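In this note's numbering, the protein residues as written are 1 to 234.
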């Protein structure tokens, strides 16, 4: 017997159609990011974080966030073995090694004890992937990060709306990443979001997200580093 649980369809009302139509008709020139900026402001207010950058995917948000943290060749990043390749791919693209560990049977999220047992001198981060709305044991993971002096980040692609002791998923660690794919609770068709409370990390990701052009740069076409193009469409 093959039981399958289908994804729900997104709720698309006349309001969403009107907004999409307005963006298609009027979202050009100086208004080309008008809806994106509104979305970023509303999203960071919803989470209670200081900074939010809309991206083309959660994978892109993870890629830029890890790059901004300096993850690279020779480094190791620990994550759960029950996962999707989208979390591991940015690690590999940066030349680092994903280290897969067991999950907690109660939550299907990364098991803190297994994560700590996998730490080596090359470990630079743990990615806490919140599975199916269930949340990782963030207090334990953050304590491990402090003990061993490395970063904890959140993949909250499947956890928008979930809270850990009153704190929204994605707002707890060094940075959080979200997905707005069509299968997610909140969807833009395709899309993601990077969030953080760290101003330096925000500036680095903001620069990476736009071909390496700093928001403080007064010259229009003057990249300072080789960046990415992970911007969300308006």
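Just so it is clear, CB atoms sit at the ideal spot from N, CA and C, and this is done for glycine as well. The structure displayed is predicted, hence computed values, not measured ones.
Through-space distance from residue 142 to residue 162, alpha-carbon basis
18 Å
Three-state secondary structure (DSSP) at residue 232?
coil
Can you tell me the Cα-Cα spacing of residue 219 and residue 212, whole angstroms?
13 Å
What does DSSP give as the partner residue(s) for residue 79 in the beta ladder?
100
Provide the residue(s) that pair with residue 210 in DSSP beta bridges, ordered along the chain.
229
From 99, 105, 104, residue whose alpha carbon lies closest to that of residue 121
99
Euclidean distance between Cα positions of residue 49 and residue 2
42 Å
Among 153, 187, 18, 39, whose alpha-carbon lies nearest the alpha-carbon of residue 171?
153
If we ignore side chains and look at the alpha-carbon of each, how far apart do residue 135 and residue 191 end up?
22 Å
What are the complete alpha helix (DSSP H) segments, minimum 4 residues, inside the region 3-79?
14-26, 34-47, 58-68
Considering only residues of the same chain and omitting the five flanking positions on each side of residue 204, which have a CB-CB separation below 6 Å?
68
Please report the Cβ distance between residue 155 and residue 195, rounded to the nearest whole angstrom; I am assuming they are in contact, meaning their Cβ atoms lie under 8 Å.
The Cβ separation is near 12 Å, so there is no contact.
Between the alpha carbons of residue 19 and residue 180, how many angstroms are there, rounded?
17 Å
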